[in-house]
Structures are given as C-alpha cells and as structure tokens.
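Numbering (full-length UniProt numbering), first residue to last: 1 to 216.
Where is the CB? At the ideal position from N, CA and C, for every residue including glycine.
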C-alpha cells in the first residue's frame, strides 16, 4: 500500500502547525515526568536472593548481578533451551541498549537473563556481536518466580545490604520505552509503517516487520 504524503503548505502554516504540536508534546512530556515519579514511588516487595546463575566467570548469585551497585535492571530474554536463535523482538531491544557507562554513573547495573544454557547464550550473543553481560537462569526458577513464563519482560531490583527488593516490572508494549529506534521512527512522516498507526499505511501487524539485525 502506498503511503499518503503530508499536505504541502506555506512555511507560515507549517510553523503554526508545528507550534500547535509542540504544545501537545510538552504536555505529553510533563505527563510522562509525572508518571515516572509515580513509578519511582511504587512500593517494593522483598525478593529471595537464593538464585544461582551461570556466567562466563562461573556461578553467581542474584546479589552478584548487582556488581556492587544498588540498583539492578534485568531484561528477561526469550532464549530457551534448544532454541537455535533468540526472539527477534528481544534482539531488537538489546540492539537498543545504551552504553552501560551511562547507567553505571547512576548506580545501575543492567544484565540480560535467559532460561537457555550458557553455551546456547554465548553462541547467540557472539552471532549478534553484543557485549552486554548475560547470565543463564537455566534450572534456577528465577524466570518463573518473576512471572515471566515463556515470555519477556523487564524487572527492576534494589538492594539494601544483602536484602533484595523488586520494585518494578513491565512486559508487552511496556517494553517500547526501551526502544530508541522506535522513537526515531515516530518522528518520521511514515512512522513505524504498521497498520495500527493513525496516519500510517503499513499492512503489517505491530512488530511483524522486526528481524534480527543480520536478517534484514
């Protein structure tokens, strides 16, 4: 399907339309700031630190995953025992992860956790060329206890001494907040080119065009 191009207007009319949208963008940003504040004020729940994971450095505990920082973000990646490759959507999200120094500067560690065995993880990580640290939760019960099941999600943990607390979890379209690539697409006139978008005329369902970065 051919996309409908935006209306052609004078510079003055374009500026007026841009100014009107800017007011909405500022309101949206203010609302997002307020939502982030509510997210920070969520209560937390004690989380058992008994879990053992496998890393390239050997067995590690949940406390070890913090790397001596107070906050831990875990991405629950859909790579299960026996899988030849990881989930394309999860792979897109990992491609969008920032340089970790920016997180470390604010006392945050980011780790990817998958139910697959460590050799399976390392094989896929090498294929994708990622240097974000991974651990295997194979046989630990961690993924199940986080309520992820066979899916994906993002869990946030806070430590106070040796006590670990879970403060946040999101999945589904909640994962879009971590996709910088989508933020870029959203400022283009054709957008993500997915059928559900107002003003876009793609015929694909949301996410159906995603591929691993070596498969486009």
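Three-way DSSP call (helix, strand, coil) for residue 14 in this model: helix
Beta-carbon gap between residue 71 and residue 158 smaller than 9 Å: yes
Beta-carbon proximity check, residue 167 vs residue 156, cutoff 9 Å: yes
Cut-off 6 Å between Cβ atoms - residues of its own chain near residue 54, not counting five sequence neighbours on either side: 118, 136
Beta-carbon gap between residue 42 and residue 164 smaller than 9 Å: no
Spatial neighbours of residue 94 in its chain, beta-carbon cut-off 8 Å, leaving aside the 5 residues before and after: 75, 77, 112, 128, 130, 132
Collapsed DSSP secondary structure at residue 207 in the structure displayed: coil
Residue 148 classed as buried or exposed, judged by whether at least 16 other C-beta atoms fall within 10 angstroms: buried
Residue 12 to residue 172 span [Cα, whole Å]: 41 Å
Residue closest to residue 89, alpha-carbon to alpha-carbon, out of 188, 46, 182: 182
Residue closest to residue 125, alpha-carbon to alpha-carbon, out of 85, 109, 104, 143: 85
Contact check, residue 197 vs residue 207, beta carbons under 9 Å: no
For residue 92 and residue 210, believed in contact at Cβ under 8 Å, the rounded distance: 5 Å
Nearest-angstrom Cα separation, counted from residue 105 out to residue 27: 29 Å
Reduced DSSP secondary structure (H/G/I, E/B, other) of residue 143: helix
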